[in-house]
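Undergrad: For the sequence shown, numbering that gives the first Met the number 0 gives the first residue as 0, with consecutive numbering after it. All residues carry an ideal CB built from backbone N, CA and C; glycine is no exception. Predicted, not measured: the structure shown is a model, and the values here were computed from it.
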Amino acid sequence: MDYTEVFPKLISHCKEHGYIFQSSEIYENGLPAVYDYGPLGVLMKNNLRNLWWKSMVQLQPNIVGLDAAILMHPQVWKASGHVDAFNDPLIDNKDSKKRYRADQLIEDWISKRWDKARKDADKKAAKEGWETGGEEHTQFMRNAREGQKAREAEAKLAALLQAGDLAGLKELIEELEIVCEVSGTANWTEVRQFNLMFKTQMGATTEGASDLYLRPETAQGIFVNFLNVQKTSRQKLPFGIAQTGKAFRNEIVARQFIFRMREFEQMEMQFFVKPGTQQEHYEYWRSERLKWHHRLGIRPDRLRLHDHDKLAHYADAAVDIEFHFPFGFRELEGIHSRTDFDLSRHQELSGKKLQYFDPEENRNYIPYVVETSVGLDRLFLAHLSQAYQEEEVPTAKGESEVRTVLRLHPLVAPVQVAILPLVKKDGLPELAQEVLNDLRWFMQAEYDDKDAIGRRYRRQDAKGTPFCVTIDHDSLQDEAVTLRERDSMQQQRIPIRLLRNHLQSALSFKQLMS
Ligand code: GAP
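(1) Measure the alpha-carbon distance for residue 221 versus residue 68 and round it to whole angstroms.
(2) Out of curiosity, what's the CA-to-CA distance linking residue 303 and residue 476?
(3) Run through the DSSP bridge pairs and tell me what residue 356 is partnered with.
(4) Any chance the CB of residue 333 is under 7 Å from a heavy atom of the ligand MN?
(5) Does the region 490–510 come into contact with the region 439–456, if we say contact requires no fewer than three beta-carbon pairs (one atom in each stretch) closer than 8 Å?
(6) Looking at residue 377 and the ligand GAP, is the gap between the Cβ and the nearest heavy atom below 7 Å?
(7) What residues in its chain sit with their C-beta under 8 Å from that of residue 130, if we drop five residues either side in the sequence?
(8) What residues in its chain sit with their C-beta under 7 Å from that of residue 310, if we drop five residues either side in the sequence?
(9) Per DSSP, which one or two residues make a beta bridge with residue 17?
(10) My guess is that residue 33 and residue 261 are in contact by the Cβ rule of under 8 Å, so how many angstroms apart are they, rounded?
(11) Alpha carbon to alpha carbon, what distance is there between residue 167 and residue 349?
(12) Determine, using beta-carbon pairs with one atom in the region 248–264 and one in the region 192–199, whether at least three such pairs fall under 8 Å.
(13) For residue 98, which three-state DSSP category applies?
(14) For residue 373, verify whether its CB is less than 7 Å away from any heavy atom of the ligand GAP.
(15) For residue 40, name the three-state secondary structure that DSSP assigns.
(16) What is the C-beta distance between residue 183 and residue 217, in whole angstroms, given that I count them as a contact (C-beta under 8 Å)?
(17) Tell me, to the nearest whole angstrom, how far the beta carbon of residue 266 is from that of residue 108; I am working on the premise that it is less than 8 Å.
(18) Are there any heavy atoms of the ligand GAP lying less than 7 Å away from the beta-carbon of residue 260, as far as the coordinates show?
(19) Going by beta carbon distance, what residues of the same chain come within less than 6 Å of residue 0, once the five residues before and after it are set aside?
(20) Report the rounded CA-to-CA distance for residue 467 versus residue 403, giving the unit in angstroms.
(21) Spatial neighbours of residue 140 within its chain, please: CB distance less than 8 Å, with the 5 preceding and 5 following residues excluded, ordered by chain position.
(22) Is residue 98 near the ligand GAP, with its Cβ less than 7 Å from a heavy atom?
(23) Considering only residues of the same chain and omitting the five flanking positions on each side of residue 42, which have a CB-CB separation below 8 Å?
(24) Evaluate contact between the region 268–286 and the region 233–240, counting only Cβ atoms and requiring at least three cross-stretch pairs below 8 Å.
(25) So what does DSSP say about residue 399, is it helix, strand or coil?
(26) Taking just the CA atoms, how far does residue 178 sit from residue 306?
(27) Residue 341 to residue 508, Cα distance in whole Å?
(28) Please state if the CB of residue 240 and the CB of residue 65 are separated by a distance shorter than 8 Å.
(29) Between the Cα of residue 432 and those of 418, 10, 313, 422, spot the shortest distance and give me the residue it belongs to.
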């Protein structure tokens, strides 16, 4: 199956198997760009969050955790720049009334040119025997007609965004002859700025209430607590503060399922460093975070680094780790060298000193910050996109059938092992329950005794369960079970007394990280 075809199938798969549901879907259209995680989804999301937390906090001697509130003092967002500068350029099509982000319309156009250039390069590479993604392949792609058009548009877009030139964005949309996907026309409004923060109120009456915002990033909770955490945890520079939690953005165009949501979860770490050393820490985290994704089973050819041309108001360097989603390469994680912007601004607006006393230099200063910020939902989508496969497999009768399988990393998969008694009688369910009761203390284990064994295997493949344990009549005699591995479908006989250790070593976090 072509990778680009995965996306619509994945969305239905997520609903059918209880991974993800549209929020409030019993009401007409549900709530757009807001999603609920079902029984399997929540298990997988927890796994990804825990893996991040263990890597970023448990294994790091100089990173500590935090769980700051979602609601914060309104001045926080003034200081961070979100009140004045957290805007997206929006444009409407006058015929369809459909609203778009102007920069994304152009990015989508660029992405299509790259896809075309990539296809041409693939054909040429197959003919010439070049390696896909190698030097010749990449050069051919860049110099192909479509590649050149894409690069020209990228350069123009970057310059316009850098200059904040809204009229120029509209001109570029017209120049590229971009039309609305609904009306098919180029009858566009002017481009306007739109603030992405959700406003709410605190207080019992409207008159006495003060305006608050739902946080658009978790990072600011870390900045305002910098001194509280540093003093109580007695950390010396360099050190980091990590947290995971919900963030909210009133995205103009929320599309592509859980890729761009209005309520989502971030996993962020701010690493506080001595001014002047930020570059080395930035380089370190850039490569460390890329490695982390590889370790969790993301294919290296599905990841790439994209250095920012346009830096955010707070950054002196920034890179995106992009993942190749079925709809193209898109940002998965950002690594930002944020200078002392945030701490300085909070110090300025709060009037409270946010400085670090450096005992070696015997002086106070405001630390610089290197941030790693990954969206949990996007990480979830990346893993699912890569994992979803439909493949032809032989049946027991010697025929063939298509199985849908989620080849998730065993530590990421929602359920690690399914225990399947061959029949619902003859003492097999009792033995299966015994095995289940032992394993469930150490991993997510489930019991399934409905339908023929082949159908149960398919069901577990579709859920992404890496191991199935079948209890048959021989198990009562030889105290052994059949262990089936999801990806290879290989089966082996294993004594029950060795089963737990065997599975635990296959699920070892230490092995994953070493
Ligand atoms: N504190 C820095 C920050 O928030 P960002 O690039 O705006 O930087 C970081 O966001 C990450 O959060 C992104 O790389 C992405 O994974 C995730 N993210 C951002 N907006 C999102 C949205 N609307 N829906 C889902 N994930 C989002």
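TA: In this structure, then:
(1) 10 Å
(2) 53 Å
(3) 363
(4) As far as ligands go, the structure on display features the ligand GAP and does not contain the ligand MN.
(5) yes
(6) yes
(7) 124, 136
(8) 317
(9) Residue 17 is not bridged to any residue.
(10) 6 Å
(11) 38 Å
(12) yes
(13) strand
(14) yes
(15) helix
(16) Not confirmed; about 41 Å, so no contact.
(17) Actually they do not touch by this definition, with Cβ atoms about 31 Å apart.
(18) yes
(19) 389
(20) 16 Å
(21) 113, 116, 117, 119, 120, 146
(22) no
(23) 413, 414, 443
(24) yes
(25) strand
(26) 29 Å
(27) 35 Å
(28) yes
(29) 418
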